[in-house]
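Take a look at the structure set out below.
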Ligand SMILES: Cc1cc2nc3c(=O)[nH]c(=O)nc-3n(C[C@H](O)[C@H](O)[C@H](O)COP(=O)(O)OP(=O)(O)OC[C@H]3O[C@@H](n4cnc5c(N)ncnc54)[C@H](O)[C@@H]3O)c2cc1C
């Protein structure tokens with residue numbers, strides 16, 4: 012039988028994150044820039060290492076519990092940039108290091124990545140290679156026992172502040188994406204690469220984004236993650252984790268705004284607006300709330316399936332596509348509702364700017380639809 016309710020442990024986790032966010036994180040909000048001490052505060056409760064086993068310093072949560080924790084964070088903590096930066100660090104960097112890294116790399120790096128003292132970035136996209144990862148130009152050429160890396164990565168979340176980087180480079184360009192790409196764990200203390208300035212963007216301003224430049228950078232074989240040619244598999248797995256769990260923050264954000272917009276309409280009714288005059292707006296909210304419920308069930312079932320160890324390529328793409336499209340639609344719609352009432356709510360406006368990028372990162376909406384269609388044999 013299916014139980015559509017949180018377990019006692021999940022309820023306790025939810026309440027723990029809500030209380031922590033309200034007491035420790037919300038009071039420090041306000042600056043549009045990234046501040047490392049706020050990341051360190053998140054480390055106190057293990058947010059940067061939610062899904063990593065306790066033996067390596069993490070919280071030991073599965074995918075569903077990670078999703079629930081990120082949803083609580085997104086609901087209680089309106090700094091979507093920091094929420095996103097933490098999620099990208101955890102899901103696209105720390106999780107693959109835990110799943111595929113050598114025991115030596117795990118022991119050395121995971122504790123600091125989980126406790127908030129180290130920040131990681133995932134470097135796949137390039138100026139001429141986004142959705143089409145086959146056109147990757149960054150190369151890692153083996154010279155004796157070391158690889159020499161040359162190339163440029165861009166749109167790297169956390170790139171400007173990263174202590175460590177999960178880098179994808181072509182080790183056998185002839186073989187293309189599948190089999191020709193490998194992943195390397197870089198440590199800014201050992202490996203010499205240039206970090207570009209923060210790329211300005213309208214949303215997610217507290218999540219620093221930038222380019223990384225590699226000019227004949229040497230990296231030893233011991234820093235390879237997952238073995239030669241395994242980069243595509245590793246990247247796809249990390250994207251599944253990201254598609255399944257990162258949207259939790261968006262779900263929490265959407266729910267907070269739905270409650271704000273509901274309160275706005277109630278206030279207008281209390282202040283004398285005729286209920287029937289607000290029918291179109293209330294129908295919009297009713298529709299969005301219903302879509303939110305359905306989307307959350309989709310997300311929870313994808314995460315549950317991941318915890319069962321079953322393939323989730325299709326469910327991860329469906330969940331990512333639905334959440335990000337709903338996020339954009341609802342934040343714009345609620346912004347218009349407030350403006351139509353003669354009000355501008357900073358949280359609503361910022362959330363809408365933050366939501367705009369959600370249909371791009373972790374693979375665009377078109378790429379999610381391509382994946383879903385492929386699983387349908389199309
Ligand atoms: C806020 C933010 C954070 C990011 N963080 C990271 C990060 O940490 N690390 C990282 O490596 N990258 C990151 N990215 C980059 C992101 O992964 C890419 O933007 C994304 O993969 C799309 O690539 P692109 O921008 O080159 O667009 P393109 O691939 O050039 O696509 C442009 C448009 O064409 C569409 N399109 C492309 N190919 C097809 C096709 N075959 N069929 C149909 N439509 C298609 C796309 O859907 C899109 O709408 C981030 C991006 C953003 C906005």
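Residue numbers (the numbering used here): 12 to 389. Note that the Cβ used here is the ideal one computed from N, Cα and C, for glycine as well.
Inclusion of residue 237 and residue 186 in the CB contact set at 8 Å is not warranted, their separation being larger than that value. The DSSP assignment places 106-111, 114-125 as complete runs of the alpha helix (DSSP H) inside the region 100-138, in order along the chain (cut-off: 4 residues). Cβ-Cβ distances below 8 Å link residue 129 to 120, 123, 174, 175 in the same chain, with the five nearest sequence neighbours on each side left out; the list follows chain order. Per the coordinates, the alpha-carbon of residue 215 lies some 18 Å from the alpha-carbon of residue 345. In this structure, the CA atom of residue 295 is about 12 Å from the CA atom of residue 343. Remark: C-beta atoms of residue 269 and residue 334 do not approach each other more closely than 8 Å. Judged by DSSP in its simplified three-state form, residue 240 adopts coil rather than helix or strand. With fewer than 16 other Cβ atoms inside 10 Å of its own Cβ, residue 355 counts as exposed.
Counting other Cβ atoms within 10 Å of its Cβ, residue 278 stays below 16 and is therefore classed as exposed.
When Cβ pairs closer than 8 Å are counted between the two stretches, the region 36-47 is seen to touch the region 203-223, the count reaching three or more. By the 16-neighbour rule on beta-carbons within 10 angstroms, residue 227 is exposed. Distances between the C-beta of residue 136 and the heavy atoms of ligand 1 include at least one below 7 Å.
Going by DSSP, residue 229 is part of the beta strand (DSSP E) stretching over 220-231. For residue 258, the closest of 28, 205, 368, 298 by C-alpha to C-alpha distance is 368. Under the three-state reduction of DSSP, residue 334 is assigned to helix.
At the C-beta level, residue 39 and residue 260 stay beyond 8 Å of one another.
Annotation: the continuous alpha helix (DSSP H) that includes residue 384 extends over 376-386. Contact check for residue 55 against residue 93 fails: the beta carbons are separated by 8 Å or more.
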